[in-house]
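Asker: Structure in structure tokens, see below.
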Amino acid sequence: SYAAFGIPYFVGDLVPEAADLVARSPEEHRQRGLDVRVGHEVLAIDTERRSLRVRDLAAGSESEESFDQLVLATGATPVRPPIPGIDARGIFGVQTLADGIAVRDAVDRGGARHAVVVGGGYIGLELAEALVLRGLEVALVEGAAQPMSTLDPDMGALIADALRAVGVDLHLDAMVESFEVEDDAVRGVHAGGDLLPADLVVLGLGVRPGSSLAEAAGIDVGSTGGITVDDHQRTSVDGVFAAGDCVETFHRVSRRPVTIALGTHANKQGRVVGLNATGGDASFPGVIGTAISKICKYEVARTGLTEREAAAAGFEAVAATIEGETRAHYYPGATPIRVKIVAERGTGRILGAQIVGEEGAAKRVDVLAAAVWTEMVAEEFASLDLAYAPPFSPVWDPVLIAARKAAEAAR
Numbered sequence: 007s008y009a010a011f012g013i014p015y016f017v018g019d020l021v022p023e024a025a026d027l028v029a030r031s032p033e034e035h036r037q038r039g040l041d042v043r044v045g046h047e048v049l050a051i052d053t054e055r056r057s058l059r060v061r062d063l064a065a066g067s068e069s070e071e072s073f074d075q076l077v078l079a080t081g082a083t084p085v086r087p088p089i090p091g092i093d094a095r096g097i098f099g100v101q102t103l104a105d106g107i108a109v110r111d112a113v114d115r116g117g118a119r120h121a122v123v124v125g126g127g128y129i130g131l132e133l134a135e136a137l138v139l140r141g142l143e144v145a146l147v148e149g150a151a152q153p154m155s156t157l158d159p160d161m162g163a164l165i166a167d168a169l170r171a172v173g174v175d176l177h178l179d180a181m182v183e184s185f186e187v188e189d190d191a192v193r194g195v196h197a198g199g200d201l202l203p204a205d206l207v208v209l210g211l212g213v214r215p216g217s218s219l220a221e222a223a224g225i226d227v228g229s230t231g232g233i234t235v236d237d238h239q240r241t242s243v244d245g246v247f248a249a250g251d252c253v254e255t256f257h258r259v260s261r262r263p264v265t266i267a268l269g270t271h272a273n274k275q276g277r278v279v280g281l282n283a284t285g286g287d288a289s290f291p292g293v294i295g296t297a298i299s300k301i302c303k304y305e306v307a308r309t310g311l312t313e314r315e316a317a318a319a320g321f322e323a324v325a326a327t328i329e330g331e332t333r334a335h336y337y338p339g340a341t342p343i344r345v346k347i348v349a350e351r352g353t354g355r356i357l358g359a360q361i362v363g364e365e366g367a368a369k370r371v372d373v374l375a376a377a378v379w380t381e382m383v384a385e386e387f388a389s390l391d392l393a394y395a396p397p398f399s400p401v402w403d404p405v406l407i408a409a410r411k412a413a414e415a416a417r
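What follows is the structure in structure tokens.
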């Protein structure tokens with residue numbers, strides 16, 4: 007049980023030891039009464055006989071384990087497309103703590119000067135920054151026009167500027183065609199017509215729900231590729247529950263099924279499963295996609311729907327974007343902040359928000375997440391009684407100004 011979101015900070019040496027990311031070891035779980043079997047793989051589930059076929063990877067032997075109730079928490083699997091050369095030494099996916107240790111070891115050994123990160127999502131960007139901190143020359147390849155496609159392009163442009171400012175060589179609107187390999191080790195990346203030198207490559211192409219084991223057992227899998235569950239995390243098979251990155255869940259704004267791989271959702275769903283599998287009655291009410299990260303000098307956050315997502319969900323949406331400061335302009339340490347609010351035309355309902363700014367900016371998204379969750383309208387939000395003091399915000403907090411502008415645009 008470890009903090010996967012801390013892996014980029016471990017690679018960047020901001021977290022000194024891998025053990026610092028471990029919340030509970032297998033032995034600590036055993037002390038709490040759990041029969042933990044690491045190094046074992048479930049090969050198949052027989053839902054009629056209520057049994058599992060399990061392989062002991064060290065011994066090579068197989069056994070059958072019976073169950074009364076089953077919880078599937080198989081997580082997600084990293085996207086690894088069949089690109090020529092992708093299996094060469096020095097090309098890493100970073101999905102597990104062991105992956106993070108392997109990347110850091112490769113950097114610690116020295117000799118690596120050039121790194122290429124493929125993919126401009128949260129993990130890819132955080133790892134690009136981490137490798138810059140370790141002194142490597144870093145190039146980043148992203149198929150979209152801007153990094154961090156979970157933001158609207160105007161907000162993602164700020165992230166691109168911040169990456170360039172720390173020396174990351176951005177290759178946008180570019181796809182990896184192949185990897186240059188010499189003596190079974192990566193030496194370069196062919197992308198967008200360029201050959202980028204590479205002693206080390208990190209793949210950050212996203213993940214897919216780990217639902218293949220469930221699907222093979224006849225358990226329903228949804229259109230997003232995640233295991234279908236109800237609000238009690240029950241699957242289509244009685245007595246079988248699922249939680250975390252492997253499941254499809256309900257988006258409270260788009261009203262559509264989604265798969266969003268975040269530890270916050272997984273922890274809450276795990277608690278619901280634990281209660282329900284032992285006779286309780288708990289429910290998981292869905293998600294709105296709230297997420298936060300730090301990319302170079304910027305804090306970045308989003309919640310609800312972007313403009314693009316709102317249009318895809320059938321909303322007639324408007325957006326308001328404002329530039330402000332995180333503190334009173336005269337107080338030391340005031341830094342720029344950009345806030346964008348997406349609202350429904352006519353009603354003014356807040357559908358989503360994005361924030362990019364320096365220290366003290368991004369956690370403001372939490373109050374906007376509460377507004378999205380409760381279907382608050384922008385005009386009402388603009389009058390919220392938020393805390394004010396010069397060290398923390400201007401007298402009109404940037405989120406209130408953005409809400410007022412969104413209310414005007416929505417009329």
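Residues in the sequence shown are numbered from 7 upward in steps of one, following the working numbering. The beta carbon of each residue, even a glycine, is placed where N, CA and C say it ideally should be. As the structure is a prediction and not an experimental result, all values here were calculated from the model.
So D205 packs on G96, CB below 8 Å; how close in whole Å?
Answerer: Confirmed, about 6 Å.
Asker: Taking C-alpha atoms, which residue in L131, I328 and N282 lies nearest to P153?
Answerer: L131
Asker: Please give me, in chain order, every unbroken run of the alpha helix (DSSP H) with length at least 4 that falls completely inside the segment 308-395.
Answerer: The segment 308-395 contains these whole alpha helix (DSSP H) runs: 313-318, 371-379 and 384-387.
Asker: Distance, Cα to Cα, A395 vs V401?
Answerer: 7 Å
Asker: For the candidate residues E350, S7 and S72, whose alpha-carbon lies nearest to that of V246?
Answerer: S72
Asker: Using a Cβ-Cβ cutoff of less than 6 Å, which residues in the same chain neighbour A319 once the five nearest sequence positions on both sides are dropped?
Answerer: S260
Asker: Identify every run of the alpha helix (DSSP H) within the segment 118-146, keeping only runs that are complete inside it and at least 4 residues long; order them along the chain.
Answerer: 128-139
Asker: For the candidate residues L281, A65 and R314, whose alpha-carbon lies nearest to that of H238?
Answerer: L281
Asker: Are G216 and T53 touching if we call contact CB-CB under 8 Å?
Answerer: no
Asker: Counting along the chain, where does the alpha helix (DSSP H) carrying T270 start and finish?
Answerer: That run of the alpha helix (DSSP H) goes G269 to A283.
Asker: Should A384 be labelled buried (16 or more other beta-carbon atoms within 10 Å of its own) or exposed?
Answerer: buried
Asker: Can the beta-carbon of A136 be found closer than 8 Å to that of Y15?
Answerer: yes
Asker: Just reading off the beta strand (DSSP E) that L418 is part of, what are its end residues?
Answerer: Examination of residue 418 is not possible in this model, given that the chain is present from 7 through 417 alone.
Asker: Give me the residue from A349, V122 and A376 with the minimum Cα distance to I294.
Answerer: A376
Asker: In three-state terms, what does DSSP make of V259?
Answerer: V259 sits in coil when the DSSP states are folded into three classes, being neither helix nor strand.
Asker: Would you kindly work out how many angstroms separate the C-alpha atoms of G126 and L268, rounded to a whole number?
Answerer: 17 Å
Asker: Using a Cβ-Cβ cutoff of less than 7 Å, which residues in the same chain neighbour R110 once the five nearest sequence positions on both sides are dropped?
Answerer: Closer than 7 Å at Cβ, skipping near neighbours: F16 and V17.
Asker: Go ahead and label R36 buried or exposed: buried means 16 or more other beta carbons lie within 10 angstroms of its beta carbon, across all protein chains shown.
Answerer: Residue burial annotation: R36 is exposed, with fewer than 16 other C-beta atoms found within 10 angstroms of its C-beta.
Asker: Which word fits T265, buried or exposed, when buried means at least 16 other C-beta atoms lie within 10 angstroms of its C-beta?
Answerer: buried
Asker: So which of R119, H120, A112 and H196 has the shortest CA-CA distance to E148?
Answerer: H196
Asker: Is it right to say P2 is buried, meaning 16 or more other beta carbons lie within 10 angstroms of its own, or is it exposed?
Answerer: Residue coverage of the chain in this structure runs from 7 to 417, which leaves residue 2 outside it and unanswerable.
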